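J.:
Here's what the structure looks like:
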């Protein structure tokens, strides 16, 4: 896994980020955490975990943190595969290994995690399930690409995608922009069913219904502006 880089956007995740980074680092030797202007001890916890740390002096949003992390990782010698990985403990390294394996063996450029890939989605909280389903239903581009969970933060992609990636929507609505970039650049995309670990901590940090609606309309607005 020496050619794989995990990019972890971090904002005020001091209670869990050290454990998340150390756990990921046991499988993946290259982990870069982007501290996006945290006001707690996130940076110290990242350093204690022994992984790479890049810092934003102010909070710019998850999209900007991902872009910064990918730019850092793609400049490293031997980097071939890149992973966006949440800081709150929701993602599993086992799923990342499966997704990287598919990139190595299949003709795809990016594999996106899905909570709705034919498996039981009852573990996804009801409100979140409704918002995610609504986003897909109202996005012709998402449906055309065959994506069922466009706002899943777990993605694995190759250097073609990393070199062309240019996220401009700094907040959570970068997920809609990611889908748009896949379409515009004709990146070969596939989905991988993944397990999301909904802990008490991650649920407290997660998106509310209002945030989900904001993400949806931010994405629709961006699509209209770029036409």
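In our numbering, the protein residues as written are 40 to 266. We treat Cβ as the ideally placed atom computed from N, Cα and C, and that holds for glycine. The structure displayed is predicted, hence computed values, not measured ones.
1. Just the Cα atoms here: how many angstroms apart are residue 247 and residue 75?
2. Thinking residue 187 and residue 155 are a contact (beta carbons under 8 Å), I'd like their distance in whole angstroms, please.
3. Report, in whole angstroms, the separation of the C-beta atoms of residue 147 and residue 233, which I expect to be a contact under 8 Å.
4. Look up residue 149 in the DSSP assignment and give the residues it is bridged to.
5. I need the straight-line Cα distance from residue 54 to residue 240, nearest angstrom please.
6. Could you say which of 139, 91 and 92 lies nearest to residue 231 if we only look at CA atoms?
7. With distances taken Cα to Cα, identify the nearest neighbour of residue 98 among 66, 77, 61 and 67.
8. Which whole-angstrom value is the C-beta distance of residue 150 and residue 141, which I expect to be below 8 Å?
9. Tell me the rounded alpha-carbon separation between residue 123 and residue 195.
10. For residue 47 and residue 71, what's the separation of their Cα atoms in angstroms?
11. Does the count of Cβ pairs from the segment 84-95 and the segment 57-73 closer than 8 Å reach three?
12. Mind listing, in chain order, the continuous alpha helix (DSSP H) runs of no fewer than 4 residues lying wholly within the segment 43-78?
13. Can you find the residues in the same chain that come closer than 8 Å, C-beta to C-beta, to residue 91, ignoring five residues on each side of it along the sequence?
14. So, does the CB of residue 205 fall closer than 8 Å to a CB anywhere in chain C?
T.: This is what the structure gives:
1. What you label residue 247 is simply residue 208 of the chain shown in a count that begins at 1. What you label residue 75 is simply residue 36 of the chain shown in a count that begins at 1. For residue 247, the pLDDT reaches just 49, beneath the cut-off of 50, and the residue's location in the model is therefore unreliable, although a value from the coordinates is still provided. Between residue 247 and residue 75, the C-alpha separation is close to 20 Å.
2. Within the chain shown, residue 187 is the residue found at index 148, counting from 1. Within the chain shown, residue 155 is the residue found at index 116, counting from 1. The Cβ separation is near 4 Å, so the contact holds.
3. Position 108 of the chain shown, counted from the first residue, corresponds to residue 147. Position 194 of the chain shown, counted from the first residue, corresponds to residue 233. The Cβ separation is near 16 Å, so there is no contact.
4. Here residue 149 refers to the residue found at position 110 of the chain shown. The partner list for residue 149 (beta bridge, DSSP) reads 196 and 228.
5. Here the question's residue 54 lines up with position 15 in the chain shown. Here the question's residue 240 lines up with position 201 in the chain shown. Approximately 9 Å, taken between the alpha carbons.
6. Mapped onto the chain shown, residue 231 falls at position 192. When 139, 91 and 92 are compared, the shortest CA-CA separation from residue 231 is found for 139.
7. Residue numbering aside, residue 98 sits at position 59 when the chain shown is read from its first letter. Nearest of 66, 77, 61 and 67 to residue 98, Cα basis: 77.
8. Here residue 150 refers to the residue found at position 111 of the chain shown. Here residue 141 refers to the residue found at position 102 of the chain shown. So it is a contact: roughly 5 Å between Cβ atoms.
9. Here residue 123 refers to the residue found at position 84 of the chain shown. Here residue 195 refers to the residue found at position 156 of the chain shown. Rounded to the nearest angstrom, the two C-alpha atoms are 7 Å apart.
10. To locate residue 47, count along the chain shown from 1; it is residue 8. To locate residue 71, count along the chain shown from 1; it is residue 32. If you take the alpha carbons of residue 47 and residue 71, they lie about 6 Å apart.
11. Counting Cβ pairs under 8 Å, three or more are found: they touch.
12. DSSP runs (the alpha helix (DSSP H)) wholly in the segment 43-78: 56-66.
13. Counted from its first residue, the chain shown places residue 91 at position 52. The beta carbon of residue 91 sits closer than 8 Å to those of 69, 70, 71, 72 and 111, all from its chain and outside the five residues before and after it, given in chain order.
14. No chain C is present in this structure, which holds just one protein chain.
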